[in-house]
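Everything below concerns the one structure shown next.
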Amino acid sequence: MFPRVILKGTMIKKSQQKRRTSPCNYKERFFVLDTQDLKYSERRPGKKPTLKGCIALSRIKCVEIVCSDVPIPCSYKYPFQVFHDNHYLYIFAPDNDCRQRWVKALKEETKFNNLVVKYHPNFWMDGRWKCCHQTEKLASGCNEYDPMGYASKGPLPQIPEPQEVDIHDPGQRVVVALRDYTPTGDNDLPLHKDQEYILTDTSHAEWWTVQDNMGWYNKDICRGEAEELLMREAKEGAFMVRDSRQAGVYTVSVFTKAPGSNGEKNPRVKHYQIRETNTEDFYLAEKYLFPTIPELIRYHQHNAAGLITRLRHPISQDRVWLRGSSKKKWEVSPTELSLGQEVGSGQFGLVLEGRWRDRKVAVKMVKAGAMSEEEFIEEARVMMSLSHCKLVQLYGVCTQVTQDCPLCLLFEFMDNGCLSDFLRDKRGRLSQVSMLGMCLDVSEGMAYLERNKFIHRDLAARNCLVSKNNEVKVSDFGMTRYVLDDQYTSSHGSKFPVKWSSPEVIKYSRFSSKSDVWSFGVFMWEVYSEGHLPYEHRSNGQVVESLNAGLRLLKPRSAPEPVHLLMERCWKEKPEDRPPFAVLLHELASLSDL
Ligand code: ADP
Numbered sequence: 305m306f307p308r309v310i311l312k313g314t315m316i317k318k319s320q321q322k323r324r325t326s327p328c329n330y331k332e333r334f335f336v337l338d339t340q341d342l343k344y345s346e347r348r349p350g351k352k353p354t355l356k357g358c359i360a361l362s363r364i365k366c367v368e369i370v371c372s373d374v375p376i377p378c379s380y381k382y383p384f385q386v387f388h389d390n391h392y393l394y395i396f397a398p399d400n401d402c403r404q405r406w407v408k409a410l411k412e413e414t415k416f417n418n419l420v421v422k423y424h425p426n427f428w429m430d431g432r433w434k435c436c437h438q439t440e441k442l443a444s445g446c447n448e449y450d451p452m453g454y455a456s457k458g459p460l461p462q463i464p465e466p467q468e469v470d471i472h473d474p475g476q477r478v479v480v481a482l483r484d485y486t487p488t489g490d491n492d493l494p495l496h497k498d499q500e501y502i503l504t505d506t507s508h509a510e511w512w513t514v515q516d517n518m519g520w521y522n523k524d525i526c527r528g529e530a531e532e533l534l535m536r537e538a539k540e541g542a543f544m545v546r547d548s549r550q551a552g553v554y555t556v557s558v559f560t561k562a563p564g565s566n567g568e569k570n571p572r573v574k575h576y577q578i579r580e581t582n583t584e585d586f587y588l589a590e591k592y593l594f595p596t597i598p599e600l601i602r603y604h605q606h607n608a609a610g611l612i613t614r615l616r617h618p619i620s621q622d623r624v625w626l627r628g629s630s631k632k633k634w635e636v637s638p639t640e641l642s643l644g645q646e647v648g649s650g651q652f653g654l655v656l657e658g659r660w661r662d663r664k665v666a667v668k669m670v671k672a673g674a675m676s677e678e679e680f681i682e683e684a685r686v687m688m689s690l691s692h693c694k695l696v697q698l699y700g701v702c703t704q705v706t707q708d709c710p711l712c713l714l715f716e717f718m719d720n721g722c723l724s725d726f727l728r729d730k731r732g733r734l735s736q737v738s739m740l741g742m743c744l745d746v747s748e749g750m751a752y753l754e755r756n757k758f759i760h761r762d763l764a765a766r767n768c769l770v771s772k773n774n775e776v777k778v779s780d781f782g783m784t785r786y787v788l789d790d791q792y793t794s795s796h797g798s799k800f801p802v803k804w805s806s807p808e809v810i811k812y813s814r815f816s817s818k819s820d821v822w823s824f825g826v827f828m829w830e831v832y833s834e835g836h837l838p839y840e841h842r843s844n845g846q847v848v849e850s851l852n853a854g855l856r857l858l859k860p861r862s863a864p865e866p867v868h869l870l871m872e873r874c875w876k877e878k879p880e881d882r883p884p885f886a887v888l889l890h891e892l893a894s895l896s897d898l
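Start counting the sequence shown at 305; every next residue gets the next number (our numbering).
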């Protein structure tokens, strides 16, 4: 039986760089998808097409759009990925509809393959994944792959690192909704699957601010307010559409610095009424007619066509509010949170399972007097902006949930609980690969904290959690600073984690990323001893004595010699002699290649 052609068309392909030294390039190719293969060929006028590549559909393991804000150097701006064998093929479609057609068709044809469980939503670039910063190209993905749809877990994919984008650059940062989203709060925008949105703010780790393509419409703004907002923005071509005083009529208000003809003040805001012809078409200054207002605006975003300037920067009241407001974006409303069963208890109190928006969360109920709440809330913004696939994400805080709990913290839910319990449960059944994988996971999370100059202060297996997919993530980073319990915070206290602490922490409370490295050495020891307590039968005092005498933990039986050597490098007396996490991560990764 001959294969049946499903789709064909011209798109741009990025070289797959199968060899490390091969240069990167972008080439226009004619793609054909049939029921057996995805083929691409070069077409030159007057010449026979030459087949340049052919991927059997049976070898494809993942097809998904690429969500990225990196500038795309070719003329087609809508990337998607085809992961096959051990290669990533990036294809750039000319528009979003075209990309959707290809991704849908390819997914349909490959849905019964041996697919990946997780994929990378962003590009592999400059030796690392832009999404999760893993440096191994074949490292498992960081987002769940949904072969049947475009769904990912959140309303938008997780972003690599917090950053402010240039929100005055409309159209430069376009994202596509992976699924529908129904708002739960007043300020949320409903999202429609596959629709494009303009990214306006990515400073929040979990929630991006986007504008829909009507982001310029401000219903309840009068002329004076519009002028004030636009003057405050002070950008040539900043504009908005608003309701006129006259019912059913709309006005475009636009800011300009262009000199006026008859003594108008400069800079100023000009107002144009949107007029309607008797054939129900819309136009502005001159008779360029459009059947809808969005089409009219889109046209004038590119052409002044009689206006004082083209409409360059859409301004919405909401955006101005977000930028200028001191509202705590990390505060979650109690009405959005529902509480479930208890999953554990810790220093601050009970930990419950809960639901917030459409996700499962772990809710730490902070009991009164256990935490210096004000200081924590001050820091919550920084902690929420830390976002990495190997860190347990803080989603937000909620005040006054119940009467005896003034504050609770919402975290990413980790189905397999705390790592020290997990290690003990699995004792005798853990493979070398999984033990090394745990160390690698945690070193990645810690390398991220190190890059962001954030000190954990209490790294240990008990403060790492295990996900549904047995991935290990670092939790509780920086939290000891808010514990109100001397026994825990003073290095002489009975609860102080002496056995994980470096000499300079024990002696002078001198915390640094290098004191975290010491704790990481003890963490590796915990992993390879399958959850045994370090210095099990010795008191804190005895441990301090033996450290002072230059003694260290012994090699756990399961630890290969190179891993034990790494532990010993973490336990160098002087902090500067210990390797940074960036190096540890690299060395652990090279051990996992062996
Ligand atoms: P604390 O920070 O108050 O000392 P812990 O972080 O030690 O609390 O949490 C206590 C227990 O609650 C953990 O051992 C674990 O079983 C459970 N737990 C904590 N955080 C989560 C989470 N994000 N997902 C699932 N379970 C969690």
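Quick reminder that beta carbons are idealized off the backbone N, C-alpha and C, glycines included.
Hey, how far is the Cα of residue i from the Cα of residue j?
i, j, result
"P838", "K343", "57 Å"
"F335", "C358", "10 Å"
"L892", "S850", "28 Å"
"Y501", "M742", "37 Å"
"T784", "A443", "32 Å"
"L393", "V802", "50 Å"
"L419", "N773", "15 Å"
"D708", "A674", "12 Å"
"T339", "A542", "49 Å"
"N607", "L534", "20 Å"
"P571", "S557", "13 Å"
"V696", "P349", "55 Å"
"K318", "R432", "17 Å"
"N426", "E440", "14 Å"
"D470", "L690", "Note that D470 scores a pLDDT of 41, beneath 50, so its modelled location is shaky and nothing firm can be said."
"L656", "G721", "12 Å"
"K799", "S843", "12 Å"
"P860", "P866", "12 Å"
"A562", "R536", "17 Å"
"E754", "L788", "26 Å"
"G519", "L593", "21 Å"
Measure from the alpha carbon of residue i to the alpha carbon of each residue in the options, then state which is nearest.
i, options, result
"V746", "C435, Y382, H890", "H890"
"A530", "P618, Q438, E412, P451", "P618"
"W406", "G431, N329, I316", "I316"
"F384", "V480, V867, R602", "V480"
"V573", "E532, D729, Y592", "E532"
"C693", "E448, I369, K365, V386", "E448"
"S862", "R842, E830, G721", "E830"
"T706", "S649, P638, L714", "P638"
"A666", "L714, S620, G552", "L714"
"F680", "G650, W660, C712", "C712"
"Q404", "R483, C435, P710", "R483"
"N329", "R661, G313, R347, I376", "I376"
"D524", "S771, R663, S620", "S620"
"I310", "K408, D399, Q320", "K408"
"V306", "G313, K331, D341", "Just to set this straight, residue 306 is Phe in the shown sequence, not Val. Of G313, K331, D341, the residue nearest in Cα terms is D341."
Look at residue i and residue j and say whether their C-beta atoms are less than 7 Å apart.
i, j, result
"C702", "L769", "no"
"S896", "L740", "yes"
"E590", "G610", "yes"
"C378", "F396", "yes"
"G644", "G658", "yes"
"I364", "H388", "yes"
"G854", "L727", "no"
"P353", "S345", "yes"
"A751", "A551", "no"
CB-CB under 8 Å to residue i, same chain, minus the five flanking residues each way: which ones, in chain order?
i, result
"Y554", "V545, R546, D547, S548, Q577, I578, I597"
"D719", "V770, S771, K772"
With a threshold of 7 Å on Cβ separation, who are the neighbours of residue i within its own chain once the five nearest residues in sequence on each side are excluded?
i, result
"R882", "K818, V821, W822, R873, C874, K876"
"W921", "What is shown of the chain runs 305 to 898, which leaves residue 921 out entirely."
"Y786", "M675, S676, E679, F680"
Determine, for residue i, whether the minimum Cβ-Cβ distance to residues of chain D falls below 7 Å.
i, result
"V887", "This model lacks chain D altogether, as it is built from one protein chain only."
Quick one: residues in its chain with C-beta nearer than 6 Å to the C-beta of residue i, no 5 flanking neighbours on either side, listed in chain order?
i, result
"D790", "G797"
"E880", "none"
"E599", "none"
"L410", "V367"
"V826", "W804, P838"
Counting Cβ pairs closer than 8 Å, one from the segment 728-739 and one from the segment 666-678, do we hit at least three? no
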